[in-house]
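Sequence lines, in order, name chains A and B.
Residue numbering for the first sequence follows my numbering, beginning at 1 and increasing consecutively.
Residue numbering for the second sequence follows my numbering, beginning at 321 and increasing consecutively.
We treat Cβ as the ideally placed atom computed from N, Cα and C, and that holds for glycine.
Here the structure is a predicted model, which means the values were calculated and not measured.
Everything below concerns the one structure shown next.
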Amino acid sequence: MTKVLVIADIKDGALKGSTAELVSKAGEIGAETAVAAIGSGVASLTGDLVQAGSSTQYIADDPGLELFSAGPYAACVVDAARQFGADMIWFGFSESGKTLAPRVAARLDAACVSEIIDVKLKGDQVEVTRPAIANKVLQQVKINTGSLVAVVRAGAFEAGEDVSGTENVVQLSPPETDARAVIQEIISDAEGEIDLTDANIVISVGRGVKDQDGVNLVKELAHDLQAGLGASRAMVDGGFMPHNTQVGQTGKIVAPSLYMAVGISGAIQHLAGMSGSKYILAVNKDPEAPIFNVADYGIVGDLFEVVPILREEIKKVRNQ
Amino acid sequence: MKILTTVKKVVDVELNIRVKDGAIQEEGLQYVINAWDETAVEAAVQLKENSGAETSLVSIGGADNTDIIRRCYAMGIEQGMHIQDPAIEKPDSFTYASILQKVYEKGDYDLVITGKQAQDTDNGQTGIILAEYLGLPCVSNVIDMEVLDETHVKVSRLGDGGTEVLELELPAVVTVDVSMNEPRLPAMRGIMMAKKKKIETMDLAGLGASPEEVGAGAPKSEVLAFQETEKRQGGQKYEGDPAEVTAKVVGLLASEAKVL
Ligand SMILES: Cc1cc2nc3c(=O)[nH]c(=O)nc-3n(C[C@H](O)[C@H](O)[C@H](O)COP(=O)(O)OP(=O)(O)OC[C@H]3O[C@@H](n4cnc5c(N)ncnc54)[C@H](O)[C@@H]3O)c2cc1C
Ligand SMILES: Nc1ncnc2c1ncn2[C@@H]1O[C@H](COP(=O)(O)O)[C@@H](O)[C@H]1O
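Now the structure itself:
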């Protein structure tokens with residue numbers, strides 16, 4: 001039986017939805033699934049890990065793992081993978097996953113594939129599908145080694161309805177800290193904001209909102225809708241939005257039910273991060289803006305006029 | 321400080337990519353320097369200007385990489401290597417990392433700066449694997465770097481919880497994001513000088529490596545086929561009185577899309 005080790009995505013002490021999605025997919029392809037949780041205080045998540053559908057839980061809970069550090073985290077994953085005898089190791093789509101996957105693969109002499117959206121077992125053969133070239137093409141990739149480390153693109157898999165696992169906890173011993181890459185601090189730039197990759201609605205601002213007042217205008221709308229607030233690279237580079245709100249090829253991949261692009265032109269690199277959204281609404285004053293080629297609903301107009309009306313109208317339909 | 325930057329020539333993503341029978345059609349494609357590698361080059365040149373670093377670059381791939389190497393010369397890189405060998409078939413990031421390992425070992429470098437990802441593969445793996453192979457520390461997705469002393473740099477990377485600040489001991493590998501800097505446009509003088517500069521071209525034997533050693537022709541994963549990503553169909557665009565069209569669209573979001 002194929003064995004899949006899923007690395008838990010943990011944010012602010014809570015398990016993110018992507019973990020259950022990955023575990024469900026592993027179940028669908030008939031694999032036995034373990035989950036590894038790494039961090040400080042993560043032992044308290046054991047119940048959630050079981051509930052996600054795993055049959056074994058590898059826990060590395062240590063104060064020394066409080067701040068993310070690639071070397072020690074990779075060592076924990078490698079330890080869990082060896083103990084479990086994993087054929088595949090799946091990371092959710094996060095910066096830590098992206099930086100750990102190649103490390104782990106190199107240490108285990110496994111193949112490494114980024115951003116997979118599908119995985120199939122054909123007898124002994126593993127084949128995965130993934131986008132490349134700024135999401136312009138999909139690649140069908142054959143794995144030539146016995147084991148595979150993969151990063152799963154956000155929104156690729158769905159969590160099963162009523163899954164449940166069995167509790168079988170294995171404690172991992174904490175690894176040595178990395179004396180050659182010492183983490184000093186994490187400057188948190190969006191404390192308390194709604195997580196973009198988990199949000200049901202994401203509203204992103206582009207250069208069209210011009211300045212901080214423009215951002216604040218859209219922020220009010222996001223607040224009303226309890227939506228995640230994202231941004232184009234232009235707004236991040238301009239210093240108006242925190243780095244971790246960037247949506248696109250180099251930023252976050254989001255696939256919410258509704259994505260609103262406000263004052264965003266729709267560059268290929270931006271589209272690569274949001275075209276998996278269920279519905280897209282674009283607000284742009286230029287009727288020729290490429291964003292309209294992917295938007296299900298388009299409002300051609302000045303966002304400074306449109307956004308306040310959007311707020312009012314949405315309040316109206318929500319109160320009905 | 322000796323710096324090695326890695327530069328790949330990639331397909332221009334702004335142009336149309338067409339696939340036929342599982343293969344990307346060459347016709348109409350253009351090739352450019354990978355955007356993230358241009359950032360790496362700019363970072364290296366700034367270290368040369370501000371801290372007196374020596375700068376080298378290496379590019380692995382097709383026959384016609386000289387134009388991008390010359391562009392990097394014009395930006396200020398001092399030495400360029402081009403590695404090509406027919407044995408390098410279906411390379412994956414491990415193949416490239418193995419070849420880069422050989423390059424590194426010949427050069428006694430203090431810092432390797434790679435792009436965070438190649439725009440054609442979107443893998444984001446090569447630099448990190450290289451560091452593992454070399455047993456060096458590595459920080460990926462770097463957006464800021466400052467030299468502390470001869471053997472330490474301070475780097476900022478974009479992580480999940482915000483900007484992670486690390487002190488990194490050299491020798492080390494960093495992979496950089498495009499938001500790190502604004503690559504300079506080469507000046508005319510630089511372009512003229514770059515034309516005359518020598519590019520060191522080598523095959524694997526010239527590097528002192530056998531194809532087997534670097535896994536050439538034996539990738540851990542390989543692309544069987546490509547297909548074009550299904551394009552989203554744009555829907556209705558509403559123009560006119562803002563109050564009217566906005567009310568209409570909100571109505572549709574609620575009744576038709578049912579997302580409000
Ligand atoms: C290697 C690489 C990676 C990249 N990665 C990313 C990425 O991950 N994410 C990303 O977003 N970009 C990325 N980019 C940048 C991308 O190419 C674009 O430059 C960027 O997305 C443009 O941002 P924008 O749409 O906000 O700005 P612009 O392209 O300037 O568009 C602004 C839009 O606002 C509209 N507008 C102006 N005023 C108003 C108004 N009053 N009302 C309504 N509309 C108005 C304009 O009509 C225009 O369409 C990357 C680029 C490179 C080279
Ligand atoms: N053929 C190559 N020649 C030189 N550098 C490369 C090559 N392939 C990858 N790299 C470097 O590795 C980075 C990441 O590539 P990838 O892992 O393919 O996303 C790139 O930005 C380059 O800096």
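Check: Ignoring anything shorter than 3 residues or poking outside the stretch 191-225 of chain A, list the beta strand (DSSP E) runs there in chain order.; Outcome: 201-205
Check: Using a 10 Å radius around the Cβ and a threshold of 16 neighbouring Cβ atoms, would you call residue 287/A buried or exposed?; Outcome: exposed
Check: Tell me, please, whether the CB atom of residue 470/B is closer than 8 Å to any CB atom in chain A?; Outcome: no
Check: Shorter than 7 Å, the distance from the beta carbon of residue 328/B to the closest heavy atom of ligand 2, or not?; Outcome: yes
Check: Taking the C-alpha atoms as reference points, what is the distance between residue 163/A and residue 201/A?; Outcome: 26 Å
Check: Does the beta-carbon of residue 347/B have 16 or more other beta-carbons within 10 angstroms, so that it is buried, or is it exposed?; Outcome: exposed
Check: Between residue 31/A and residue 1/A, which are expected to be in contact by the criterion C-beta below 8 Å, what is the C-beta distance as a whole number of angstroms?; Outcome: 7 Å
Check: What are the boundary residues of the beta strand (DSSP E) that residue 57/A is part of?; Outcome: 56-61
Check: Checking contacts by CB at 8 Å: is residue 73/A closer than that to chain B?; Outcome: no
Check: What residue from 452/B, 443/B, 449/B has the CA that sits closest to residue 131/A's CA?; Outcome: 443/B
Check: Just reading off the beta strand (DSSP E) that residue 244/A is part of, what are its end residues?; Outcome: Premise fails: residue 244/A is in no beta strand (DSSP E) and is neither H nor E.
Check: Quick one: is residue 491/B buried, meaning 16 or more other Cβ sit within 10 Å of its Cβ, or exposed?; Outcome: buried
Check: Taking 8 Å as the limit between beta carbons, can you name the residues of its chain near residue 114/A, skipping five residues before and five after?; Outcome: 98, 101, 130, 150, 151
Check: Should the stretch 447-457 of chain B be regarded as contacting the stretch 417-430 of chain B, the criterion being three or more beta carbon pairs within less than 8 Å?; Outcome: yes
Check: Any contact of the stretch 330-337 of chain B with the stretch 366-374 of chain B, i.e. 3+ C-beta pairs under 8 Å?; Outcome: no
Check: Here's a check: name, in chain order, each residue in its chain whose Cβ is nearer than 8 Å to the Cβ of residue 138/A, leaving out the five neighbours to either side.; Outcome: 117, 129, 130, 131, 132
Check: Let me have the residue list for ligand 1: C-beta closer than 5 Å to any non-hydrogen atom, ordered along the chain.; Outcome: 206/A, 207/A, 208/A, 232/A, 233/A, 234/A, 248/A, 249/A, 250/A, 251/A, 263/A, 264/A, 265/A, 267/A, 269/A, 270/A, 284/A, 285/A, 286/A, 289/A, 302/A, 303/A, 355/B, 498/B
Check: Just to confirm the assignment: which complete beta strand (DSSP E) runs, minimum length 3, are found wholly within the stretch 106-157 of chain A?; Outcome: 111-116, 118-122, 125-132, 137-143, 148-152
Check: Over the uninterrupted beta strand (DSSP E) stretch that includes residue 477/B, give me the two end residues.; Outcome: 472-478
Check: Among 257/A, 318/A, 273/A, which one has its Cα closest to the Cα of residue 135/A?; Outcome: 273/A
Check: Near residue 321/B, what residues of its chain come up, given a Cβ to Cβ distance below 6 Å and the 5 sequence neighbours on each side ignored?; Outcome: 373, 430
Check: What do you get for residue 223/A, buried or exposed, if any count of 16 or more other CB atoms within 10 angstroms of its CB means buried?; Outcome: exposed
Check: Fully enclosed by the stretch 4-70 of chain A, which beta strand (DSSP E) runs are 3 residues long or longer?; Outcome: 32-39, 56-61
Check: For residue 310/A, collect the residues of the same chain with a Cβ closer than 7 Å to its Cβ; drop the 5 residues on either side in sequence, then sort them by chain order.; Outcome: 221
Check: Going by C-alpha distance, which of 501/B, 499/B, 464/B is nearest residue 487/B?; Outcome: 464/B
Check: Assuming residue 215/A and residue 303/A are in contact, meaning their beta carbons sit under 8 Å apart, how far apart are those beta carbons, in whole angstroms?; Outcome: Rounded, the Cβ-Cβ distance is 11 Å, inconsistent with contact.
Check: Is residue 357/B near ligand 2, in the sense that its beta carbon is under 7 Å from a heavy atom of that ligand?; Outcome: yes
Check: Starting from residue 166/A and walking both ways along the beta strand (DSSP E), at which residues does that stretch end?; Outcome: Looking at the DSSP string, residue 166/A is not in any beta strand (DSSP E), and its letter there is neither H nor E.
Check: Just the Cα atoms here: how many angstroms apart are residue 92/A and residue 5/A?; Outcome: 11 Å
Check: Can you check DSSP and say which residues form a bridge with residue 282/A?; Outcome: 261/A, 298/A
Check: Cβ of residue 173/A within 7 Å of any heavy atom in ligand 2?; Outcome: no
Check: Quick check: what's the CA-CA separation for residue 472/B versus residue 69/A?; Outcome: 17 Å
Check: Considering only residues of the same chain and omitting the five flanking positions on each side of residue 460/B, which have a CB-CB separation below 8 Å?; Outcome: 436, 444, 447, 448, 477, 494, 495
Check: Does residue 243/A get closer than 8 Å to chain B when you measure Cβ to Cβ?; Outcome: yes
Check: If you draw a straight line from the alpha carbon of residue 314/A to that of residue 271/A, how long is it in whole angstroms?; Outcome: 25 Å
Check: When you compare the CB of residue 327/B with every CB in chain A, is at least one pair closer than 8 Å?; Outcome: no
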